[in-house]
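Here is the structure we will look at, set down as structure tokens.
Number of protein chains: 2
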Amino acid sequence: MKYCFGVDIGGTTVKIGLFKTDGELVDKWEIKTHTENQGEAVLPDIAASLKEKMQEREMDTAQVSGIGIGLPAPVDENGIVKNSANIGWGYKEVTREMEELTGMKVASGNDANVAALGEMWLGAGRGHKNLIMVTLGTGVGGGIIVNGQPLIGAHGAGGEIGHLCMNYEESEACGCGNKGCLEMYASATGVVRLAGRRLGADDSPSLLREGELSAKAVFDALKEGDQVAGEIVEEFASYLGHGLANIAAVTDPSVIVIGGGVSKAGSILLGYIEKYFQEKAFFANKDTKFVLAELGNDAGICGAAKLIL
Amino acid sequence: MKYCFGVDIGGTTVKIGLFKTDGELVDKWEIKTHTENQGEAVLPDIAASLKEKMQEREMDTAQVSGIGIGLPAPVDENGIVKNSANIGWGYKEVTREMEELTGMKVASGNDANVAALGEMWLGAGRGHKNLIMVTLGTGVGGGIIVNGQPLIGAHGAGGEIGHLCMNYEESEACGCGNKGCLEMYASATGVVRLAGRRLGADDSPSLLREGELSAKAVFDALKEGDQVAGEIVEEFASYLGHGLANIAAVTDPSVIVIGGGVSKAGSILLGYIEKYFQEKAFFANKDTKFVLAELGNDAGICGAAKLIL
Numbered sequence: 680m681k682y683c684f685g686v687d688i689g690g691t692t693v694k695i696g697l698f699k700t701d702g703e704l705v706d707k708w709e710i711k712t713h714t715e716n717q718g719e720a721v722l723p724d725i726a727a728s729l730k731e732k733m734q735e736r737e738m739d740t741a742q743v744s745g746i747g748i749g750l751p752a753p754v755d756e757n758g759i760v761k762n763s764a765n766i767g768w769g770y771k772e773v774t775r776e777m778e779e780l781t782g783m784k785v786a787s788g789n790d791a792n793v794a795a796l797g798e799m800w801l802g803a804g805r806g807h808k809n810l811i812m813v814t815l816g817t818g819v820g821g822g823i824i825v826n827g828q829p830l831i832g833a834h835g836a837g838g839e840i841g842h843l844c845m846n847y848e849e850s851e852a853c854g855c856g857n858k859g860c861l862e863m864y865a866s867a868t869g870v871v872r873l874a875g876r877r878l879g880a881d882d883s884p885s886l887l888r889e890g891e892l893s894a895k896a897v898f899d900a901l902k903e904g905d906q907v908a909g910e911i912v913e914e915f916a917s918y919l920g921h922g923l924a925n926i927a928a929v930t931d932p933s934v935i936v937i938g939g940g941v942s943k944a945g946s947i948l949l950g951y952i953e954k955y956f957q958e959k960a961f962f963a964n965k966d967t968k969f970v971l972a973e974l975g976n977d978a979g980i981c982g983a984a985k986l987i988l
Numbered sequence: 680m681k682y683c684f685g686v687d688i689g690g691t692t693v694k695i696g697l698f699k700t701d702g703e704l705v706d707k708w709e710i711k712t713h714t715e716n717q718g719e720a721v722l723p724d725i726a727a728s729l730k731e732k733m734q735e736r737e738m739d740t741a742q743v744s745g746i747g748i749g750l751p752a753p754v755d756e757n758g759i760v761k762n763s764a765n766i767g768w769g770y771k772e773v774t775r776e777m778e779e780l781t782g783m784k785v786a787s788g789n790d791a792n793v794a795a796l797g798e799m800w801l802g803a804g805r806g807h808k809n810l811i812m813v814t815l816g817t818g819v820g821g822g823i824i825v826n827g828q829p830l831i832g833a834h835g836a837g838g839e840i841g842h843l844c845m846n847y848e849e850s851e852a853c854g855c856g857n858k859g860c861l862e863m864y865a866s867a868t869g870v871v872r873l874a875g876r877r878l879g880a881d882d883s884p885s886l887l888r889e890g891e892l893s894a895k896a897v898f899d900a901l902k903e904g905d906q907v908a909g910e911i912v913e914e915f916a917s918y919l920g921h922g923l924a925n926i927a928a929v930t931d932p933s934v935i936v937i938g939g940g941v942s943k944a945g946s947i948l949l950g951y952i953e954k955y956f957q958e959k960a961f962f963a964n965k966d967t968k969f970v971l972a973e974l975g976n977d978a979g980i981c982g983a984a985k986l987i988l
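Chains as they are written, first to last, in our numbering: chain H, 680 to 988; chain U, 680 to 988.
Here is the structure:
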């Protein structure tokens, strides 16, 4: 079998990749995610798009190993989703339904786990079997690979590292209802929160007092040598580096991959995070490498494809 | 194949169990651990003891699935130990050497991971595939089972949950060299540390001011309604419950098994730990069960046997 499909379902678009089983991306395209009517069209739309592509390329199912699917919700080991607000789904047997629609083998997983698998297969984590991927976006997502397999857990909620409590004194609440979650300090939104608090604390001059406050603005100001931005990044990095040291003590990775919008700040970010990681890492974890994610938006389709191989 | 052996190597004795592959413990015995000369006799002694037992019972190797070994050091996926101070070993290819000595299939693992596997197979974790076992002894040991397999990690150091940092303000150092590790508050030694600090803080009357201070004394005083002991246990439980909530966010277990000497305080312990766990658990982890370990000193031989099955 020469080919497989990787499908990355998001709330707005579905990204689809056609891969050779050795990892070569042959084709990729997108379709719209029709979330109306509890997202009833989402899987049939994907199945139709795959069939169309196979006809276009004169492929038959005997040439395809199967279809891997990543989606934004916890997915259990049987490919069942309890609820996915972004897609409109309630309870959904994703793997079974897609197998019935296509007649091909299907595997499904949570998008953060799947992105981690993608980076392990074709990106920054190549050659590693024990890996943590952290996605620093609007929230903080996590995907953990143990011995080459995603850590799914009992509820499909493995790797929810954005919800580690890192501050037992916090007074504000996280979106999850708890207080002091890593996500409140290490996401793009979290960096803005830290910046707002720091800027409000005194009148020190800063580039950040002009224009709109964003995570990008903070890292841009850091690169300009802005001292206040430096303090904000130190605080961000202390939460993230200390949190990752704790996660490493539990899962013992050989590499930690940093991705998501905040990681666009580039390699300057890694030095800050590593400093605080080293400060608290258990001795066995001191040689854990830090790298920036390489696959960007393709991590989802790559990892989804790997799910089926 | 009807039988397998489970071997639990400690610094003083080696415990050995002969099991049927369905989990029935047929026989168990101990031999001395000869740690002198870099522990060169340890594996040959075990091999000789197994052979003797097989002769005594008129068993041949065709009836034995293999030998599982648990030992007090990180063990990588190839059964290699870099260093085990308690046994006297430096670098040792445990699995390969034991296979050569016995002609049987061997699998080796870290004792904390192996104990967790034992509780999953024959103890308090029966029926679960995602489990955390916490051993509260002189230190805090951890074994994590993900989808039925021990989480070994890149350096064989998976599940080192005693070394999560739970207090970034701590001034004293843990045995590992860091400050604020969970082990400093949740081990038997840790409870004594918390008790010493609390008793030194003021002159409140307490049963703990008489006799020798120990973790057992603290829990005994708690059961007598001693208020100071109650405060110490609350503090112990807050560190442990909060730490376990963070570990659960990462590994998503369905059950957490509490074992080790401190767990002899009994089920009163679980309520305290669960209270703080619930305070900080991510919503997907709120239904995680807490149970006391059931196998006691047999967890090691049981889990070692399961390693090979």
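By construction, the Cβ of each residue, glycine as well, lies at the ideal position given by its N, Cα and C atoms.
Backbone CA spacing between residue i and residue j [nearest angstrom]
i: G945(U); j: H713(U); result: 35 Å
i: E953(H); j: A924(U); result: 24 Å
i: G804(U); j: T774(H); result: 29 Å
i: K694(H); j: N976(H); result: 9 Å
i: G745(H); j: Y682(H); result: 8 Å
i: M812(U); j: V870(U); result: 19 Å
i: S847(H); j: G859(H); result: Per the sequence shown, the amino acid found at residue 847(H) is Tyr instead of Ser. So the alpha carbons of these two residues sit roughly 6 Å apart.
i: A726(U); j: L780(U); result: 6 Å
i: E839(U); j: P932(H); result: 12 Å
i: L729(H); j: K711(H); result: 14 Å
i: G769(H); j: G806(H); result: 37 Å
i: G752(H); j: V934(U); result: The amino acid occupying residue 752(H) in the given sequence is Ala; Gly does not appear at that position. Straight-line Cα distance between these residues: approximately 22 Å.
i: G920(H); j: K707(U); result: 46 Å
i: E772(U); j: G758(U); result: 6 Å
i: V936(H); j: V970(H); result: 5 Å
i: N765(H); j: L750(H); result: 9 Å
i: E737(H); j: L887(H); result: 56 Å
i: L704(U); j: A978(U); result: 12 Å
i: G690(U); j: C981(U); result: 18 Å
i: I926(H); j: F698(U); result: 36 Å
i: G922(U); j: L843(U); result: 7 Å
i: E735(U); j: I824(U); result: 35 Å
Residues of its chain near residue i, where Cβ-Cβ distance is below 8 Å and the 5 sequence neighbours each way are ignored
i: S885(H); result: L878, A900, D905, Q906, V907 and A908
i: G841(H); result: G818, V819, G820, G821, C860, L861, E862, A865 and S866
i: T692(H); result: E709, I710, K711 and T712
i: G875(U); result: L892
i: Y951(U); result: V912, E913, F915, A916 and G920
For residue j and residue i, believed in contact at Cβ under 8 Å, the rounded distance
i: A720(U); j: A836(H); result: Rounded, the Cβ-Cβ distance is 47 Å, inconsistent with contact.
i: N857(U); j: I831(H); result: Actually they do not touch by this definition, with Cβ atoms about 30 Å apart.
i: V941(U); j: A867(U); result: 5 Å
i: E798(H); j: L722(H); result: Incorrect: roughly 26 Å between the Cβ atoms, too far for contact.
Cβ shell of residue i (< 6 Å), same chain only, five flanking positions each side left out
i: G747(U); result: G685, A786, A983, A984, L986 and I987
i: V754(H); result: V760, S787, G788, N789 and G835
i: G939(H); result: T814, L815 and G816
i: G767(H); result: T714, Q717 and G718
i: V897(H); result: V870, A874, A908 and I911
i: E973(H); result: G802 and A803
7 Å Cβ shell around residue i - same chain, five flanking residues per side excluded
i: G702(U); result: W800 and L801
i: L873(H); result: Y864, I911, E914 and F915
i: T817(U); result: S866, A867 and T868
i: G891(U); result: Residue identity differs from the one stated: residue 891(U) is Glu in this sequence, not Gly. Here the set comprises nothing.
i: M783(U); result: T740, V743, G745 and I746
Partner residues on chain H for residue i, Cβ-Cβ distance less than 9 Å
i: S933(U); result: G832, A833 and H834
i: I987(U); result: Those do not exist, as I987(U) stays about 18 Å from chain H at its closest Cβ, beyond 9 Å.
i: I725(U); result: The premise fails here: I725(U) is roughly 26 Å from chain H at the closest Cβ pair, so nothing lies under 9 Å.
Chain H residues whose Cβ lies nearer than 8 Å to that of residue i
i: I937(U); result: Simply none; closest approach about 17 Å.
i: I710(U); result: Neighbours of I710(U) on chain H: none; closest Cβ ~30 Å, over 8 Å.
Cross-chain neighbours of residue i in chain U, by beta carbon under 7 Å
i: I998(H); result: Lying before the first or after the last residue shown, residue 998(H) is absent from chain H, which here runs from 680 to 988.
Under 8 Å from the C-beta of residue i: neighbouring residues of chain U
i: I980(H); result: The premise fails here: I980(H) is roughly 24 Å from chain U at the closest Cβ pair, so nothing lies under 8 Å.
Partner residues on chain H for residue i, Cβ-Cβ distance less than 7 Å
i: I947(U); result: Ordered by position in chain H, no residue passes the 7 Å Cβ test against I947(U), which lies about 24 Å from the chain.
Against chain U: residues of the stretch 904-931 of chain H by CB proximity under 8 Å: The residues in question are H921, A924, N925, I926, A928, V929, T930 and D931.
Using a Cβ-Cβ cut-off of less than 8 Å, list which residues of the stretch 736-770 of chain H approach chain U; keep chain order. So the close ones are P753 and E756.
Just by C-beta distance, which residues in the stretch 825-841 of chain H are closer than 8 Å to chain U? So the close ones are V825, N826, Q828, L830, I831, G832, A833, H834, G835, A836, G837, G838, E839 and I840.
What residues in the stretch 952-970 of chain U bring their beta carbon closer than 9 Å to a beta carbon of chain H? For the stretch 952-970 of chain U, the residues whose beta carbon sits under 9 Å from a beta carbon of chain H are, in order, E958, K959, A960, F961, F962, A963, N964, D966 and T967.
Determine which residues of the stretch 840-856 of chain U have a Cβ less than 8 Å from any Cβ of chain H, and write them out in chain order. Result list: I840, H842, L843, C844, Y847, C855 and G856.
Can you give me, in chain order, the residues of the stretch 796-812 of chain H that have a beta carbon less than 8 Å from any beta carbon in chain U? When CB distances to chain U are screened at a threshold of 8 Å, the residues of the stretch 796-812 of chain H falling below it are H807, K808 and N809, in chain order.
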